[in-house]
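**Student:**
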Amino acid sequence: MAEQPLYLQLRDQLMQRITSGNLPVGSRLPAERVLAESFNTTRITLRQALAQLESEGAIYRSNRRGWFVSSPRLTYEPVNDVSFTHYVAEQGRIPRTEVLGIEKMLASISVATALALHPGDDVYCLRRRRFVDERLVFVETIWLNPCYLPGIEQQQFESLWKLLADKYAIRLTRKQITITPTALTGSVAAALGVNSGCPGLYITRIGKTDEGACIEFDEEFWLNDVLTISVNTQGNQ
Numbered sequence: 672m673a674e675q676p677l678y679l680q681l682r683d684q685l686m687q688r689i690t691s692g693n694l695p696v697g698s699r700l701p702a703e704r705v706l707a708e709s710f711n712t713t714r715i716t717l718r719q720a721l722a723q724l725e726s727e728g729a730i731y732r733s734n735r736r737g738w739f740v741s742s743p744r745l746t747y748e749p750v751n752d753v754s755f756t757h758y759v760a761e762q763g764r765i766p767r768t769e770v771l772g773i774e775k776m777l778a779s780i781s782v783a784t785a786l787a788l789h790p791g792d793d794v795y796c797l798r799r800r801r802f803v804d805e806r807l808v809f810v811e812t813i814w815l816n817p818c819y820l821p822g823i824e825q826q827q828f829e830s831l832w833k834l835l836a837d838k839y840a841i842r843l844t845r846k847q848i849t850i851t852p853t854a855l856t857g858s859v860a861a862a863l864g865v866n867s868g869c870p871g872l873y874i875t876r877i878g879k880t881d882e883g884a885c886i887e888f889d890e891e892f893w894l895n896d897v898l899t900i901s902v903n904t905q906g907n908q
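For the sequence shown, my numbering gives the first residue as 672, with consecutive numbering after it.
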């Protein structure tokens with residue numbers, strides 16, 4: 672059997688340091704120059720090993736700060752309709768949401784289609800950043816149907832779910848969710864502090880009422896190393 676390529680041997684040695692606790696969760700890896708010297712290899716080969724670990728979600732790179740050991744992935748169950756705050760806290764982690772602002776805009780074709788509107792109709796655009804243990808893990812844009820949410824841009828709130836229920840008596844009981852691997856590029860990569868082209872997840876949700884009214888269209892861009900998708904099904908007995 673052919674010997675493993677050198678970069679995969681380096682990957683295995685770095686992973687052993689992580690799993691043994693020599694490089695604990697959240698710690699910063701030594702500088703690339705230092706690592707290359709310690710393994711007696713080139714920085715090109717070392718970067719291949721680091722890229723492999725990044726693709727596996729074991730480490731992540733923060734622009735201008737270096738490489739860090741990733742925390743354990745969150746388990747995300749799309750069929751369980753619970754809030755980000757709830758499922759993060761339930762897994763012993765600390766969630767935080769930062770509202771960047773809400774404004775009225777004209778609906779694009781894709782947004783209008785999702786909300787059963789016409790292109791060029793007014794929509795509300797809510798932008799937020801989400802953190803886990805003070806690490807920024809995804810950015811989101813939520814498009815809201817103004818037909819059902821008059822004056823929402825004037826409201827002060829942290830939980831959109833609570834605002835919909837308390838202020839507008841709306842419960843989103845029907846969700847259409849898509850999860851697509853993607854490359855984080857442009858303004859999204861910049862917002863998340865990663866290099867353009869870094870792997871990520873693109874998650875969308877269309878939230879409807881029991882009566883089928885389209886209320887929200889949520890677009891989320893997640894870092895690649897944060898989530899494990901879990902779906903439980905129950906067959907006929």
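We put the CB at the ideal spot given by N, CA and C, even for glycine.
None of these values were measured; they are calculated from a predicted model.
Within the same chain, show all residues whose beta-carbon is closer than 6 Å to that of residue 904, passing over the 5 residues directly before and after it, in chain order.
**Tutor:** The residue given as residue 904 occupies position 233 in the sequence shown. Closer than 6 Å at Cβ, skipping near neighbours: no residue.
**Student:** From the DSSP output, in three-state form, read off residue 714 for me.
**Tutor:** Against the sequence shown, residue 714 aligns to sequence position 43. Residue state, collapsed to three classes: helix.
**Student:** Classify residue 727 as helix, strand or coil using the three-state DSSP reduction.
**Tutor:** Taking the sequence shown and counting its residues from 1, the one referred to as residue 727 is at position 56. Looking at residue 727 - three-state DSSP - the assignment turns out to be coil, as it is neither helix nor strand.
**Student:** Please state if the CB of residue 886 and the CB of residue 815 are separated by a distance shorter than 8 Å.
**Tutor:** If you number the sequence shown from 1, residue 815 lands on position 144. If you number the sequence shown from 1, residue 886 lands on position 215. Going by C-beta atoms, residue 815 is nearer than 8 Å to residue 886.
**Student:** For residue 675, name the three-state secondary structure that DSSP assigns.
**Tutor:** Numbered from 1 along the sequence shown, position 4 holds the residue referred to as residue 675. In this structure, residue 675 counts as coil in the three-state DSSP scheme.
**Student:** Where does residue 741 sit, in a helix, a strand or coil, going by DSSP?
**Tutor:** Counting from one through the sequence shown, the residue named residue 741 turns up at place 70. Here residue 741 sits in coil by DSSP.
**Student:** To the nearest angstrom, how far is the alpha carbon of residue 721 from that of residue 817?
**Tutor:** As a position in the sequence shown, residue 721 is number 50, starting the count at 1. As a position in the sequence shown, residue 817 is number 146, starting the count at 1. Using only the alpha carbons, I get a separation of about 46 Å.
**Student:** Which residues in the same chain have their Cβ closer than 7 Å to the Cβ of residue 819, if we skip the five residues on either side of it in sequence?
**Tutor:** Counted from its first residue, the sequence shown places residue 819 at position 148. Correct list, in chain order: 839, 841, 884 and 886.
**Student:** Would you mind sorting residue 766 into buried or exposed? The rule is 16 or more other CB atoms within 10 Å of its CB.
**Tutor:** Residue 766 sits at position 95 when you count from the first residue of the sequence shown. Buried, because 16 or more other Cβ atoms sit within 10 Å of the Cβ of residue 766.
**Student:** Compute the distance between the beta-carbons of residue 798 and residue 809, then report whether it is under 8 Å.
**Tutor:** Counted from its first residue, the sequence shown places residue 798 at position 127. Counted from its first residue, the sequence shown places residue 809 at position 138. No. Outside cutoff.
**Student:** Would you mind stating whether residue 698 and residue 896 have Cβ atoms separated by less than 8 Å?
**Tutor:** By one-based count along the sequence shown, residue 698 stands at place 27. By one-based count along the sequence shown, residue 896 stands at place 225. No, the pair does not count as a contact, with Cβ atoms beyond the cut-off.
**Student:** Let me make sure I understand the geometry here. Which of 845, 844 and 828 has the alpha-carbon closest to that of residue 837?
**Tutor:** As a first step, residue 837 is located in the sequence shown; it is residue number 166 there, counting from the start. Answer by Cα proximity: 828.
**Student:** Within this structure, are the beta carbons of residue 782 and residue 770 separated by less than 8 Å?
**Tutor:** Reading the sequence shown from its first residue, position 111 is the one you call residue 782. Reading the sequence shown from its first residue, position 99 is the one you call residue 770. No. Outside cutoff.
**Student:** Starting from residue 871 and walking both ways along the alpha helix (DSSP H), at which residues does that stretch end?
**Tutor:** In the sequence shown, the residue the question calls residue 871 occupies position 200. No alpha helix (DSSP H) contains residue 871, which is instead part of the beta strand (DSSP E) from 869-879.
**Student:** Taking DSSP's pairing of strands, which residues face residue 746 in a bridge?
**Tutor:** Along the sequence shown, read from residue 1 onward, the residue named residue 746 stands at position 75. DSSP lists 899 as partners of residue 746.
**Student:** Go ahead and pull the three-state DSSP assignment for residue 772.
**Tutor:** Along the sequence shown, one-based indexing puts residue 772 at 101. If DSSP states are grouped into helix, strand and coil, residue 772 belongs with the strands.
**Student:** Let me check understanding here. Comparing Cα to Cα, which of 785, 872, 762 and 727 lies closest to residue 811?
**Tutor:** Translated into positions along the sequence shown, residue 811 becomes position 140. Taking only the C-alpha atoms, the option nearest residue 811 is 872.
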